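Engineer:
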Amino acid sequence: MKDTFSSPGPKNYMGKVHFYKLCTELNKFNVLLNDEHFNWKELNLKVNPWLTRIIFEAVKQGQVDFVEFFIKENFDMESAFSQQKVHELYQTKRDYPRKLSDVASFVNKLLGGSYHMSCPKLLKDDSGRDHQEMYYSEKNKTAMRDLFIWSILAKKVELSKVLWRYLDHQTAAAMFAYGIAKSLLADLKSSKAGSRTDESKLKNYMGEFTSLACKTINSSYKKDEQRTFDLLRLQMSKWGETSCVRLALDSHNKKFLSTPACQKLCTQLWWWGQEVDSPPTQGIQRRNEKRRANEMMAEPETDNK
Numbered sequence: 001m002k003d004t005f006s007s008p009g010p011k012n013y014m015g016k017v018h019f020y021k022l023c024t025e026l027n028k029f030n031v032l033l034n035d036e037h038f039n040w041k042e043l044n045l046k047v048n049p050w051l052t053r054i055i056f057e058a059v060k061q062g063q064v065d066f067v068e069f070f071i072k073e074n075f076d077m078e079s080a081f082s083q084q085k086v087h088e089l090y091q092t093k094r095d096y097p098r099k100l101s102d103v104a105s106f107v108n109k110l111l112g113g114s115y116h117m118s119c120p121k122l123l124k125d126d127s128g129r130d131h132q133e134m135y136y137s138e139k140n141k142t143a144m145r146d147l148f149i150w151s152i153l154a155k156k157v158e159l160s161k162v163l164w165r166y167l168d169h170q171t172a173a174a175m176f177a178y179g180i181a182k183s184l185l186a187d188l189k190s191s192k193a194g195s196r197t198d199e200s201k202l203k204n205y206m207g208e209f210t211s212l213a214c215k216t217i218n219s220s221y222k223k224d225e226q227r228t229f230d231l232l233r234l235q236m237s238k239w240g241e242t243s244c245v246r247l248a249l250d251s252h253n254k255k256f257l258s259t260p261a262c263q264k265l266c267t268q269l270w271w272w273g274q275e276v277d278s279p280p281t282q283g284i285q286r287r288n289e290k291r292r293a294n295e296m297m298a299e300p301e302t303d304n305k
């Protein structure tokens, strides 16, 4: 096997496709990168449409070196991972939903209603049959988010961390990952169906993404306090029209809520009830959230927090 993969790849088109796909499946990243028959700087889907197969296999197998290389080279992930391709990823395992509409409901349920994931609508033809035509759109503007969600549900921790680095609103994404992992862990313990390995993976997720969220928000807070406060309260469309603070509250993430930025924001907004320019309903909501935060911080720690 060593001699096979130290030699140059095949020169004909289909031979190269199969060779690259095999290298991807076996995680032979260096062989692909050093192949003299292909210029890896030309990661253009229009010129090389078969690249979709390579990146799909890399994501499915959790080959982080491949995935990060493609992203760094500005590969068109939005075109490569249409809704149809994301849908295909969910067909590879059986321990999570297999339709995007089911995934949306599943995720919304796990996060207790604070997150509202959108999904393509089913369109019907004249015969009344359902066609998920939105899956076949040329561009999927939420491709990176969709891949991130899949990697969490598939428990691919290292892949999740790579994708996270290239997401918009990283703090919210980290809080999202924590909330999903915590809910999955609770379900696993209540059903007693999971293994210790599964529990360990989910706890690792919770710790990893809490640390990432705290590091990100602490760094932002040192640079610009007000901008950080705005970031914590910002409702983001890609993350379910919810905010970092709301996700942290709903998932009872005490470590994140104990960061200096969250503590000062709590003092400035929630303790006073509302800002001068805030509608009364927002003030009521913040007072309720302050009460929830105080109650939560008084709760004893458990092993899955």
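Going letter by letter, the sequence shown gives residues 1 to 305 in full-length UniProt numbering.
Glycine included, C-beta positions come from ideal geometry on N, C-alpha and C.
Predicted, not measured: the structure shown is a model, and the values here were computed from it.
1) If we ignore side chains and look at the alpha-carbon of each, how far apart do K203 and K223 end up?
2) Going by DSSP, what residue range makes up the alpha helix (DSSP H) through R145?
3) Between E68 and V157, how many whole angstroms is the CB-CB distance? I'm expecting something under 8 angstroms.
4) From which residue to which residue does the alpha helix (DSSP H) around Q84 run?
5) Anyone know if the C-beta pair for residue 310 and Q63 falls short of 9 angstroms?
6) Are the CB atoms of A186 and A213 within a distance shorter than 9 angstroms?
7) Sorted by chain position, which residues of the same chain lie with C-beta nearer than 7 angstroms to E25's C-beta, five sequence neighbours on each side aside?
8) Identify, in the order they occur along the chain, each residue of the same chain with its Cβ nearer than 8 angstroms to the Cβ of A80, setting aside the five sequence neighbours on each side.
9) Using 8 angstroms for Cβ pairs, my map puts L247 next to A172. What's the rounded Cβ distance?
10) What are the residues that DSSP puts in a beta bridge with M175?
11) Closest to Q179 by CA distance: which of Y90, H18, V86, T242 is it?
12) Pick helix, strand or coil for I217, following the three-state DSSP scheme.
13) Between I217 and A261, how many whole angstroms is the CB-CB distance? I'm expecting something under 8 angstroms.
14) Pull up the distance between the alpha-carbon of residue 308 and that of D250, whole angstroms please.
15) Opposite T242 in the DSSP bridges: which residues?
16) Could you round the C-beta distance between residue 374 and I152 to whole angstroms and report it? I think they count as a contact, below 8 angstroms.
17) Measuring CA to CA, which of F66, K264, L269 is closest to Y221?
18) Over the uninterrupted alpha helix (DSSP H) stretch that includes Q61, give me the two end residues.
19) Rounded to whole angstroms, what is the Cα-Cα separation between S190 and D198?
20) Using a Cβ-Cβ cutoff of less than 7 angstroms, which residues in the same chain neighbour T228 once the five nearest sequence positions on both sides are dropped?
21) So what's K72 in DSSP terms, helix, strand or just coil?
22) Have a look at L184 and W164 and give me their C-alpha separation to the nearest angstrom.
23) What number of angstroms, rounded off, separates the C-alpha of G15 from the C-alpha of P49?
24) Is V245 closer than 9 angstroms to L159 when the C-beta atoms are compared?
25) Secondary structure at L26, three-state DSSP: helix, strand or coil?
26) So for K156, helix, strand or coil by DSSP?
Structural biologist: So, from the data block:
1) 31 angstroms
2) 143 to 153
3) At roughly 14 angstroms, the Cβ-Cβ gap does not stay under 8 angstroms, so E68 and V157 are not in contact.
4) 83 to 89
5) No answer is possible for residue 310: the residues shown for the chain start at 1 and end at 305.
6) no
7) E57, Q61
8) L45, L51, T52, I55, F56, A143
9) 6 angstroms
10) M175 pairs with nothing; no bridge assigned.
11) The question names Gln, but residue 179 in the sequence shown is Gly. Ranking Y90, H18, V86, T242 by Cα distance to G179 puts T242 first.
12) helix
13) 5 angstroms
14) Past the boundaries of the shown model lies residue 308; the chain is included only from 1 to 305, so the question cannot be answered.
15) M236
16) Residue 374 lies beyond the range of the chain shown here (1 to 305); nothing can be said about it.
17) K264
18) 51 to 61
19) 14 angstroms
20) I217, S220, Y221, A261
21) helix
22) 19 angstroms
23) 15 angstroms
24) no
25) coil
26) coil
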